[in-house]
Structure formats: structure tokens, C-alpha cells
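Participant:
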Amino acid sequence: MRKTFLLVVAALAVAAAVGATAGARPAATPGVTAKSILLEGTYPLSGPASGYAPIPVGMGAYFSYANAKGGVNGRKINWKYEDDGYNPANTVQITHKFVEQDHAFAIVGGLGTEPQLAVRQYLNDNKVPQLFVATGATTFDRDYAQYPWTIGWQPDYEAEGAIYGKYVVANLPNAKIGVLYQNDDYGHDYLRGFKAGLRAAHQSQIVTAQAYDLSATTPPAVQMAKIKASGADTLVLFATPTPTIQAYVIGTKLGYKPANVITNSVSATDPFLTIAEKSGSNIVEGTISVGYLLDPSNPIYNKQPGMKLYRQIMAKYAPKANANDPLNLYGVAKAWNVVQVLKAAGPNLTRAGLMAVARKMNYSPGDKNANPFALPGVVTFTHNNFQYPISQVTLVKYVNHVFQPQGKLLAGRGALR
Amino acid sequence: MQTFFQTLTTGLADGSIYGSLALALVLIYKATEVINFAQGEMAMFTTYIAWALMGHGSSFEWWAFFATLGIAFVGGAALQQTVIRPLERASVLTAVMATIALLVILNGLAAWIWSPQLQFFPSPFPTSSWVIGGVHISKQDVGTFGVVMACVLVLWLFFRFTKLGLAMRAGALNPSAARLMGVRASWLLALGWGFAAALGAVSGMMVAPTVFLTPNMMQAVLIYAFAAAILGGLESPVGAIAGGLSLGVLLNMLGQYVHPVTSELQLPVALAILLVVLLIKPAGLFGRVVVKRV
Amino acid sequence: MPALLELSDVTARYGQVVALHGVSLTVADGEIVALLGANGAGKTTTLRAVSGTVRRTGDIVLGGKRLGRATPEAVARSGVAHVPEGRGIFAELTVWENMRMGGYTVRRPDFATVLGYFPWLQERRNQQAGTLSGGEQQMLALARAFLSRPRLLMLDEPSLGLAPIITREVFRVVTELNQKEGLAVLVVEQNAAVALAAAQRGYVLETGRVAVSGSAGELKSDDAVRTAYLGY
Amino acid sequence: MKRLGNPVALGVLVVAVIAAPFLFSNYRTYQLAFVGLYLVALLGLDILTGFTGQISLGHGAFMGIGAYTTTILVVDHGVRDLWTIPLGGLIAGVIGLAFGIPATRFAGPYLALATFAIPLAFIGLLKRFPHFTGGNVGKNLPQLKAEFGWHTSPSIWFYVVCWTVALVMLPLAFFIVRGRFGRAMRSVRDSEIAATANGISTAGVKTLAFGISAFYCGVAGSLYGIGITYVNPDTFPIDLSILLLVGIVLGGAGSLYGMLFGALFVEFIRISWGPALLNLFSKVHHIDTHAPGSGLVVYGVVLLLVLYAAPSGAAGLARFSFGSKTRIIRPRHPPGPPAKGENA
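Chains as they are written, first to last, in my numbering: chain A, 21 to 437; chain B, 132 to 425; chain C, 9 to 240; chain D, 1060 to 1403.
1. Nearest-angstrom Cα distance between D:D1105 and C:G60?
2. How about B:T140: is its C-beta nearer than 8 Å to some C-beta of chain A?
3. Run the CB neighbour count on C:N134, radius 10 Å, all protein chains shown included, and call it buried at 16 or more, exposed below.
4. Could you give the residue range of the alpha helix (DSSP H) that holds D:I1287?
5. Verify whether the separation of the beta carbon atoms of A:W169 and A:Q141 is less than 8 Å.
6. For B:Y355, which residues from the same chain have a beta carbon less than 7 Å from its beta carbon, with the 5 sequence-adjacent residues on both sides left out?
7. So, helix, strand or coil for C:G142, using DSSP?
8. Quick check: the region 40-50 of chain C against the region 64-72 of chain C, are at least 3 beta-carbon pairs closer than 8 Å?
9. Tell me the rounded alpha-carbon separation between A:Q332 and A:T264.
10. Counting only beta-carbon atoms, is D:P1356 nearer than 8 Å to chain B?
11. Are any of the Cβ atoms in chain A nearer than 8 Å to that of B:F136?
12. Below 8 Å between beta carbons is the criterion; list the residues of the region 259-270 of chain A that meet it against any residue of chain B, in chain order.
13. Is it buried or exposed, B:M110, if we count other Cβ atoms within 10 angstroms and call 16 or more buried?
14. Could you name the residues that DSSP lists as bridge partners for A:I197?
15. Under a three-way DSSP split, which group does B:W502 fall into?
16. Could you give the first and the last residue of the continuous alpha helix (DSSP H) run that contains C:S229?
17. Can you check whether the CB of A:G397 is closer than 8 Å to the CB of A:L415?
18. What residues of chain D sit near B:A153, judged by a beta carbon separation below 8 Å?
19. In chain order, what residues of the same chain lie with their CB nearer than 6 Å to the CB of A:A216, ignoring the 5 residues before and after it?
20. Looking only at its chain, what residues have a beta carbon closer than 6 Å to the beta carbon of A:T115, apart from the 5 residues adjacent to it on each side?
21. Leaving out the 5 sequence neighbours to the left and right, which residues in its chain are closer than 6 Å to A:R433 when beta-carbon positions are compared?
22. Please report whether the beta-carbon of D:A1262 lies at a distance below 8 Å from any beta-carbon of chain B.
23. Name the chain B residues that come within less than 7 Å of A:L59, Cβ to Cβ?
24. Cα separation between B:A303 and B:T163?
25. Quick one: measure Cβ to Cβ for B:T134 and B:N383, integer angstroms, because I've assumed they're closer than 8 Å.
26. What do you reckon, are the CB atoms on D:V1360 and B:W243 nearer than 8 Å?
27. Just the chain D side, please: which residues come within less than 8 Å of A:N107 by C-beta, in chain order?
28. For C:L194, collect the residues of the same chain with a Cβ closer than 6 Å to its Cβ; drop the 5 residues on either side in sequence, then sort them by chain order.
29. Using a Cβ-Cβ distance cut-off of 8 Å, determine whether B:V273 contacts chain A.
30. Please decide whether D:G1247 counts as near chain A, where near means a Cβ-Cβ distance under 8 Å.
31. Between which two residues does the beta strand (DSSP E) containing C:N106 stretch?
32. Use the C-beta contact count for A:P339: other C-beta atoms within 10 angstroms, 16 or more gives buried, fewer gives exposed.
33. Measure from the alpha carbon of A:S287 to the alpha carbon of each residue in A:I270, A:S309, A:Y276, then state which is nearest.
34. Check A:F406 in the structure and name its three-state DSSP category.
35. Considering only DSSP beta bridges, list what A:F423 is partnered with.
36. Can you look up A:A86 in the DSSP assignment and give me helix, strand or coil?
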């Protein structure tokens, strides 16, 4: 009799102890004090997607740099992030903690389509900015009316797919195309954009489209064999890094030599393609992709002022990080944009004020305030019903182990100055 | 016809990986009646060690391959003596949870020490393939199959012909009788874990070139190794290898020729086969049903 | 003759159940000693106490070496061969593999001499031990025990499940090993008559204590022992 | 009344549950609501693992089935979310029963392996029928609105719903475990041979235990879906099944009140205690607390320490301190060297 009684009392004591550490009382505007602005975000530091772990490190480096230069209107940025292991259930609980206990001013750069989908409604209900989500899923830009507190940042997958479609129409009008795409929203966004870019006339150029599931335990050998059998002379890869590299290697193993290979920008980074080449693939050379940021692993950008600034920041504020990893530069570039938007929102910061600024951004070379870490000429622009912050990209081609820019910037999303 | 042979060789290569890991599971189960859920992560961790020894994967070195086998052996034995032995008397639940704790720790440690980034792992075999009658047989597949089978053969010779190997087999069958003959039973359990860890290292190093080195690379392979071990019967080493090979070939054939088995259904299909086999033969194809006298 | 094995005030328990309450006995070099008693008297537990396969206290000395805290494998390596209840045969291994296990602790096991005593083992060498008859398995256990060149052989109810003529054959071989090879034997047996025929001395255990002890002749003539264990 | 569990302890628990929302912040109450639903899941799994001795690594998937049932009914068919809770449990329970029938043929480690496959197959099937399950994109659920005249924050209302269900299912668990069926379960756990000898159909008991545990996990799963307001295949990974087992071991398999401890651990280790432990540790010996994988190492080490320190978990400690003799889980190996080939 007494033991169960003791057990329950002991358990409740533990619960009470846990409860005691309630958060601080919220100031006038949550997350903002005279001295600081609290920004928080969730990232996969463990589990299958932990490859993206460098992004928040890069953001932290830029925020430290900005703080050292006087911060934002006299306030220092307090940047905190936690591991959700790419499991939406964790993302939801951690985001509740950010909002209800830590009283963060804004949730910044949350990574992963599904995790951010899981918290979008909650953040909008509580009127907390879901700023610059780290996912290219089109819904985060397109559905701004339904979710006013949510805004994307990087070029969305559908727009990028459309650019590849336009490229094929312009340069490979009678190519036979074999597509390997991931059967989740990531792959579907790319494929939908690609077909839109091809427009009705060229749909028939796609001779086969093979789906691949990320949770599958064997490489896409079967799919690649079918693409080879279809006689496609142009291979299009819309998959995350691991299956993309495996596709390159299996292609060579099967003796498949497509004339052209187009690969989505997420997987077409120098480190990943080097791995494909080292693993013996001989169809990597000549890969077509797109880019919108400077590429630290590519020596041709070393002379750019943005690259010099990036290397200084990383050396000083994130010495242990690998500065050649494009994910770090992605973090720094996004953090730059966050600081610009915070400055523009003025000294009496409010969440609504922040979103208003983010809805009307215009950082362009013309006004001498373009994002220094983006490719020269890339504009960060949002206005009324055009809520695609970065929608310009430049075609790049992988020539002797380096992505060479090919011609001028292309606008993925309709008319743009 | 061409794709049939290609699928067959890939299937045999995959199968040899599942088989070697399944054999490692059987080695530990026969000696300690514990299913080692951390077998996959032990293989992954030792593969990272090999990667570090090979100058962060710059080029494949055979000396590093054998050095890793040695380290894996010692590491496996040490793990048994420190983590598993104190729980020898505990319940099956505690034993299962101990190996799961090991799984989580090793996974976290690998990401912590070597970063979760995708890494290249060199293969000892060229990625080109022989072309025989229009069929592309990848040298890597044949090499993988060869290396894994060679290691399994060495292990078989050890168990069959050496005194220590015989003692380990006897210890697994009847530990108390073996101790009465002067066999140090707890040493043998450590040896069992050592061999299992070394086998895991072999399968890890052979599969890394295709699935690339990440802290989670072995999780998928482990599930198929479980299926192979059960298919063959947890008691029989021969069954584990046969189970692995047949599963590898079956999955590749299904993927190639049966339309609805798209990539996400490969796993459920494999597990369905597993359940069906177990319903017919609860001790697996080669296992023997132990009649228990009270 | 100095005592080869000496137990003084040895107790043993299974969990909370105490099976031996202070047993003392000795086995001299080259002597056969019988351990008699009803079921549950503690005969098997005594052997287990010596071989360390049960939690025990008290002094156990073999040829001057204290074995009180030794593990089973250490006891085996110091010259004690214990053929346990049910003989401890590895059924799935072949006869010859069982034999090799017998010689596990010896650098060059003396198969020739053993085959002298058990010639039929030669042509059964590749047969699975499990397929041997009860008597043959007992003989294999004896051969295996002898291969480890022990100083003391402990047998736990060798007659269990054997026909009488087989039991006599087993004891004949045991006696032969004792005389020719000078092997001391401590044998636990239900069949008191056969045991006392072979043994020089004996002890009778009751509920974990030594009730009666003496030479084989004394025990055979002792009325209490006769009615209780010899049945006439 | 004794049949429904120790009344005094239950009374204290009810008082505490009522008091909590007034004492703690909104966010803590939200977390404590999850403690409630994890308690329901752990009670179910404890009935299967603690009382019937069958280890399952698949009950995360039964929570998934409950959550998806609720989501599909609420989102696609407009059913009120509260009514879907028992429905989620029933459907999971039926599937649990269906799986229980073949599962009875496996023993110990084989069963752990077979159930290891359930969550993986579940995720595969979810993705195979995207139009029905929403596939990888998953589905959002509307946030729970206060009803029956209560106008309070969604977190508080979610807390009330979770703990109402928990405080109904706890005595129900006692009823199951204390009854004749409970004794049959314990005999199956302690020795299947002896149980069969006494005329207990071990297959029947195991199958029913599977069904009951799946029902409990299904109910917990639909609450989980309602609380997270989103379901997709990544939400029910194998780690969830492992976490539930960890809760059982920590709480003390075979003790229902111990599950309260287990639920607290399961909810707080990942989000609060794990990072806190890491920060504490990093002060002593400088490490980067954001280093990838560090959280996993802490979680694994804590689990190992628990296994060594208290193999029978918190409940075991409570019993130990009261000097009670009964072992929660009889050691599988009898004293002395483990006998070989004990089961198939």
C-alpha cells in the first residue's frame, strides 16, 4: 500500500521540480529588450538529415559579426537553435517552447519542409514570424495570403524546375529525357516545375520518369536500369544528395553514358559531385545546374568582395567550421538578410513591423544594397503578390571539377526587373 | 536476359553484405542468447575508423583494412566485457535495451567525432565493369562478394579446425559442461563479440563505397540482416549466409521484374516474406527447434 | 597417505535454500571413495561444491591448493575432472570433437592410451555424440574426463539410466583406470552395492550432513546403511 | 475498489492533475499533457511487456495508426476530434490483435525482431498510398478548441483531455492486471511451460495482451496526433518504439504506477533534461553542446546507467526501499550458469 503511494508522490515531486523552471516574464514585445533581440530556430542536428547541421553555425557566425559591429539599432542579436532530429513531433514541442516559454521575437530559418509544415499553422495562429524557412517547397512562398506570418527565402524548387524546362526547350529541343525524382513533395515540386517549363509542346520529350523513395534501403539501381533501357540521352536528377550521387555511380556501373545530365541545385554542390567522381562515375563532367550564392569551394569566386568578407567572418567567429562548405555560406547569406530586415523594421521593433518589411524587400545591385554573398546581380525582391524573396538563378556547368556560370541571370518566377 | 545477370550479381553482392552481418548476429545470439541491435552501428563505427586510417578516405589501403579488423575485434570483446557482461543475469528486456543503448551511443559518437556530413569511402575495386556477352558485371560487386565470402570462409575454418574454435562451439552449446573442461566461458563470449565486430567491419567497409559514409548508413542494411538471420534460423551460421544471399537476390529481382514493388515497398515485402517463413518454420529454414525438457 | 582432496565444514546453497550444512570428507591419492545417500541428501551438491558450480563456503583443498573460491574452469585446470549429472556430453558435436574438448587444457592429449581402454570409440569418431546409447555416452564422458589427465575424477551417478550389465562394465573400467593409472575417484551413486564393491571407503549423506563414514566393508556390514541403502 | 488500484495513490494523483495547470506555465501544462498520453501508451506496453513478458519494438507504429485514424477522420470526414480517440484505439487494437496471432509463435528475441519490422513496414505503406494518408507531405489537424463551455487556452484544454483519458485508462489497466486474466498473463511471463501445463492458452493470452496494448497505444496515438496537429511518416520513426520501451524499463516493467516515472522520462529527456544535462556537462569539460550527435550520446549513456543502477526501474527502487522480496522481473537465467537451449 505504502509503496505505490510513495511512487506517486515521488513522481509528482519530479514533475514539480521540472515545472519550477518557468520562463522569464515577456517584455512589451516578446523577445525584445533594450539590449537584445531573441531569435530561435529548429535544425536536424541528429538523424538522417543531420548533414544540414552547418547552416545554423554559419548564421551564428554572421550574427556575432553583426553584434560586434554594433548590432541592430543598438540591440544585440541573441541567436539560439535546437535539434529536432527532422521529426515534426519534436519540432512542434520545441517551437511551443520557443514561443510560450522563451518568448522568442521570431522563428528564423527553420529547416525541413515537413517540420515547418507542422508548425506553420501554430505560428500563424499566435502571430509569430516564421521568417525565411530553409526549404524550397513552393507552398511557403505561394500561400502567403493564407499564412501571412510565413515567408520563404531560397529559390523554390518549382521555379528551379521551370528553368531546367526552359533550358531544354532552348538548347535540347529533341532530346529524349529520363527523369529520376524523389517521390515526396521535394521531387514533385521539381517535376511539376520542369513540366511547366517544357510547356505542352515538349512534354513528349520525357520518355520515362522513375520515382525513388528516400526510405528505400537500396540505391536506385532498378530505376537507373529502366532509364537506361528507355534510351534517354538526357538524364535529369531531382533527388536529395545520397540517391543523386548513387545515380551517377550506378549509371557508370551500367555503362550508361547520357549526353547531358541536369541535377537539382541542392545535390549539385562541389563536395557531392567530387564524391560521385571519386566513386568512379564518368558522367559527372558537364552536369548542368543552377546557383544563386557564391560557392566557397570554387576558386573563381575568391576575388569577389563577398567571398573575402565571408572568409573573414568564418575565420573569426566560427574557426572550427569548414569554411569551404556551401552550407555555411548559405547560413551567412541568410543571416545577412535577417539583419537587413531587422534594421529596416526600425528601433521600436514589433513582429508585425518585421513582417511588413519582409513583405516589401528590395535589395539590388542598383541600390548598392544587394546580398554580398549572393552571385553578382541577384536581387532579393518581394512586393505585394510577389512573395519569392530570391527567384533569380544563373545556369552553371560542371567543367573540370568546378561549376562555371553560363551566361546571364534567369528569372524563374515570371517578369522581374 | 542482360538485365537478369546484372540484377543477379548486384543481388549476390547485396546478399553477401546482409549475410555477413546476419552471421555476426548469429555468432552473438548462439553464444549469449542476446540479439545485438547495435551490430549495424558497430559496423558503421569501425568503418569510420578505417576511413580515418585511410587518410580520410583518400585511397583504399589494405593495411588499414586489416588494422581495422584488429581494432574491431578488440573493441567488440571490450564492449562485451564492459557493457554486456554486468547484465548477464538480467532479463531479456534489459539485455535488448543494453544493445539499443549501445546503438544510440555509437550513432551519436560517430556524428560527434567525424561530423554527420556525407563522406566518400574508397573501394578496393575499380568501378568499371567487365562486359561479358553484353552483360555489365561490376567489378565492385564481384569484389565485395569475394572479400566477404573469404572472411566467412576464414571464420568457418577457425571454428571447424582450431581448438579455440571448437571450445567456442562447445561453450555455445552447453556453457556449464564446457567450464567443467577448463574453458573460460566469459572469455569465449568476449571472443564471440570480437568476431562479430570484425565481421561487421568487413560488411561496413564493403558496403560504404555504394551507400557512402554517414552515421546512419548501416541502419537500413541492419534490417535486411535481421531478416536474413531469421530466414536462416538464428541458430545456424550457414542459414544466416544462405538467408542473406537469397534475400539479396530476391529483393533485386522483385524490384526489377515485379511492377508494384516500387522502392518504398521493398522493405515491407522483405518483412512479409520473413513473417511467412516464420509462420511455417518458427526456427527459420536451417534452425532446429529446441525441445525443452523441464 | 596424504589426503588428495580434503573438504572441511563445507556449506552450499541455491538462492535461499541451504543444501549442505558443513560436510567434511577426504579422498586419498589413488583411492576410490563412494558418496551415498537418498535423493536430495546433497550428494550432487557436494561434487558441485568441489567443482565450484554452486555458491559454497568452507575449506576445499586439493593437493595442498585451496579451491574454496576458484571458478569451475580454474578447478578443472588444477586437475579435477567432473562428469556432471547427465554426463555433460555435447550432443551436436561429433564423438571425436567431444574427445578433443576433453583434452582442451592439455598440450598433447594422449588419445592412444584412451583408445586402449575404449577401442570402440575409434570407429564411432565422426558420429554425432547425441546418437550414442546411454552406456556409450557414459563411456565417452569417462574417456573425455581421462584425457584431461586429472588427479581426481568425480562421477555423478554413472549408473543413471543404464542396464545393470552396462553399469558393471562402467565400474570395471573405472576400477581399471584407478589401479593402472593411479586415478583417485569420488563417485556419487544410488546403487550402493555396485559403488561399495569398487570403492575402498565411503560416506553416507543425509539432509546435507555426513551421517555415516568408514571403509567399504564397515559400511556394508553396518545395519542402518544396509537396510536404508542395500535393501536387505 | 481494491481491484481498481490503490485508492489513496489514485486520489493523490487526481488532486495533483487538477492542481497542475494552476501551478505551472502554459507551456509546462502542454508538456505535462504529453506526459499524460505517454502514460496511456506505457500502461498498454507494460501490460504486454511487463506483465506478459512479450517484448515489442513496434508499438510506436500502433500510436501511428491511432494518430492517422484521427487525422483522416477529422480532416477528410469532419468527425469531431474527441470521438475519434476511442476509434483510433479500436482500430489500432484490432490490428494489434491481428498481428498478435502470428506473433505468438515467436519467443523472446525472435519476437523483438519481428516487431522491429512493424514501424518500418508501416512507414512504407503510408508512403505507398499518398492520396489516402497524405504520403510524405503529411496532414495538418486543426488545433483543439475548448468545448463544453470551457473557454481556456488550447494547451490547457489539450491537458484536460489527455489526463481525463489517462485517469480513466489507469484504473482500467489495474482492473485488467489484477483480474484472473492478469494472473494468466504473469504466469505466461514467468514460465510459458508451467502456464500451458495449467491449461492456460498462452497463444490466447499473448494475442489478447497484444490487442490490449495496441488499443492503449492507439488511444495515446490519436491524442498525440491531436497535440502535434500534424502527422507524417517521419513523426512515427522506430525511435518512438524504442523510447516507449525505455520508459517501461525506467519506470519498472511490471508496475503500473512506475509508468508515471516512465512517462515523465519519455517526455522530458529529449527536449528538456537531455540538453540540460549536456549544458551541465559542457560547463565541467568544455564541449560544443550543439555538436551533432551529442544529444544521442547523453540519451544512450543515461539509459545504460539506468539499466545498471536500477534494472527494475523506479518501481523496483520503491519496492527495494520497502524491503519487499518480490522481484519485478524474474531473472531469465536461474542462479548458476545459464542453462542452454531454454526456448526455441
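Where a beta carbon is used, it is the ideal one built from N, C-alpha and C, also for glycine.
Facilitator: Taking the geometry as given:
1. The alpha-carbon separation between D:D1105 and C:G60 amounts to approximately 38 Å.
2. Not one chain A Cβ lies under 8 Å of B:T140.
3. C:N134 should be labelled exposed.
4. Note, D:I1287: alpha helix (DSSP H), 1261-1287.
5. No; because the gap between Cβ atoms is not below 8 Å, this pair is not in contact.
6. A distance below 7 Å between beta-carbons, with the five flanking residues on each side excluded, links B:Y355 to the following residues of its chain, in chain order: Y149, L378, A401.
7. In the structure shown, C:G142 falls within a helical segment according to DSSP collapsed to helix, strand and coil.
8. Between the region 64-72 of chain C and the region 40-50 of chain C, the count of C-beta pairs closer than 8 Å stays below three; the two stretches do not touch.
9. About 33 Å.
10. For the record, residue 1356 of chain D in the displayed sequence is Val; it is not Pro. Judged by the 8 Å Cβ criterion, D:V1356 is in contact with chain B.
11. Answer no: the Cβ-Cβ gap between B:F136 and chain A never drops below 8 Å.
12. For the region 259-270 of chain A, which is checked against every Cβ of chain B, the residues closer than 8 Å are P261, T262, I265, Q266, V269.
13. In the structure as shown, chain B begins at 132 and stops at 425. Residue 110 of chain B is therefore absent and cannot be evaluated.
14. Note: A:I197 sits in a beta bridge opposite A:I226, A:T254.
15. Here chain B covers residues 132 to 425 and nothing more, so residue 502 of chain B does not appear.
16. Residues 224-229.
17. Contact: no.
18. Listed by position along chain D, the residues whose Cβ is nearer than 8 Å to that of B:A153 form an empty set, because the closest Cβ is around 11 Å away.
19. Non-local beta-carbon contacts of A:A216 in its own chain, meaning distances under 6 Å to residues more than five positions away in sequence, involve A182 in chain order.
20. Hits under 6 Å: V139.
21. Short of 6 Å from the beta carbon of A:R433, and not among the five residues preceding or following it, lie these beta carbons of its own chain, in chain order: A179, Y408, S411.
22. Put simply, the CB of D:A1262 is far from chain B, with every gap to its CB atoms at 8 Å or more.
23. Simply none; closest approach about 24 Å.
24. One C-alpha to the other measures close to 8 Å.
25. At roughly 10 Å, the Cβ-Cβ gap does not stay under 8 Å, so B:T134 and B:N383 are not in contact.
26. Going by beta carbons, D:V1360 and B:W243 fall outside the 8 Å limit.
27. Going along chain D in sequence order, the residues near A:N107 (Cβ under 8 Å) are D1293, T1294, P1296, D1298.
28. Excluding sequence neighbours, C:L194 sits near V35, V41, M162.
29. Residue contact with chain A for B:V273: absent (no Cβ-Cβ distance below 8 Å to any residue of chain A).
30. As written in the sequence, residue 1247 of chain D is Val, which differs from the Gly given in the question. No, no contact with chain A.
31. Premise fails: C:N106 lies in the alpha helix (DSSP H), 103-110, not in any beta strand (DSSP E).
32. Exposed: under 16 other Cβ atoms inside 10 Å.
33. Comparing Cα-Cα distances from A:S287 to each of A:I270, A:S309, A:Y276, the minimum goes to A:S309.
34. Correct three-state label for A:F406: strand.
35. Under DSSP, the beta-bridge partners assigned to A:F423 are A:Y418.
36. In the displayed model, A:A86 falls within a helix according to three-state DSSP.
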